[in-house]
Every structure is written in structure tokens, then in C-alpha cells.
Amino acid sequence: RQSTKRKIQSNDNNRKLPVEPVVKKGLGFAAIAGMDYLKEQLREEVIEALHNPEEYERYGVTIPNGMLLYGPPGCGKSFIAEKFAEEAGYNYIFVKSSDLASIYVHGSQEKIGRLFDGKTGADWDSAPERTGTLLMRQS
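For the working numbering, add 1 to where a residue sits in the sequence shown, where the first one is 1.
Structure representation (C-alpha cells):
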């Protein structure tokens, strides 16, 4: 199967996609042993599209707006999500539904707001301006 990145490059006659330097926040995919096909697919299909949206929109390729990782408990879904965020240069927040629950009216919304305001201790000021946030929810 040909990746979206390769399709775009083959349609553009030897024109390479511009490579934008990404500031990693950790080891990224280097911390994952094996799974080379998955790592390469995530780089080409998701990370490349997130860092070069203009090029993908030019060809009418939609940029992914979410991923679903599934599998039994303990298979590494959270670990892959964390390393994906590091590789993409995104913030990573692991949230359990019980962390957001509140007995007060609008209490959950307030907790979600605080989560993104930086009042939770996360250092958002050091993040690059185009950096997104990967939010992990566990039910």
C-alpha cells in the first residue's frame, strides 16, 4: 500500500515535501522497540500531515483529526500514544474520567478548562506556538 506522502510526492514530479524541524520533547519512537511498520505509517500518514497541512490540503487530502488505539489492557496503547506525542512535538495529557468528574453543576467543565489553562502544573509556555495537545482518556 502506498502512503499518502508518497502519493503526493509522485504526483508532484520529484518535488519533495518541505521538512519542518520538529522539537521533540522526549525520545519519541526511538523508545519503542520493534513495530517499525506502525512507526513509519504514523510518521508518514499522521505526523507529516500535521506538520505540512498546506501541502496536503493542496491535493485535497484531509488531515487526520483523531486516532483510535484499541487492544486489551496492558498491550501498550498509552505508551504508543505518549511516544507519538513526543515524536510529533505535541503535549501529552493522560486523563482518567474520574479526574474530571464533579458533583457540582459545571464542575467538570471547570476542571477541563483548568487542564488547558496550565493551572495543572503543565508548562505550556515552553511549547512552540503550532504545537497541539494529545489528550488521552481512559474509561
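Ideal Cβ placement from N, Cα and C applies to all residues, glycine included.
With respect to the 7 Å criterion, glutamate 111 and glycine 29 are not classified as neighbours on the basis of their beta carbons. Measuring C-alpha to C-alpha distances from isoleucine 64 to each of Tyr71, Lys84 and Asn53 identifies Asn53 as the nearest. For the pair aspartate 100 and leucine 116, the Cα-to-Cα distance works out to about 10 Å. For alanine 82, the closest alpha carbon among the candidates Met68, Pro74 and Pro73 is that of Met68. By the neighbour-count criterion, in which 16 or more other beta carbons inside 10 Å mark a residue as buried, alanine 34 falls on the exposed side. Take the alpha-carbon of alanine 50 and the one of tyrosine 60: they are about 12 Å apart. Around the beta-carbon of alanine 31, fewer than 16 other beta-carbon atoms lie within 10 Å, marking it exposed. Under the three-state reduction of DSSP output, lysine 26 falls in the coil class, being neither helix nor strand. The shortest CA-to-CA distance from aspartate 118 to any of Met36, Ser98, Ile94 and Ile48 is the one to Ile94.
Collapsing the DSSP output to three states places tyrosine 71 in coil.
When Gly90, Val106 and Gly72 are compared, the shortest CA-CA separation from isoleucine 48 is found for Gly90.
Here tyrosine 105 is exposed, its C-beta having fewer than 16 other C-beta atoms within 10 Å. For leucine 39, the closest alpha carbon among the candidates Ser109, Glu55, Gly77 and Gly114 is that of Gly77. Under a 10 Å Cβ-count criterion, lysine 97 is classified as exposed, with fewer than 16 other Cβ atoms of the shown protein chains found around its own Cβ.
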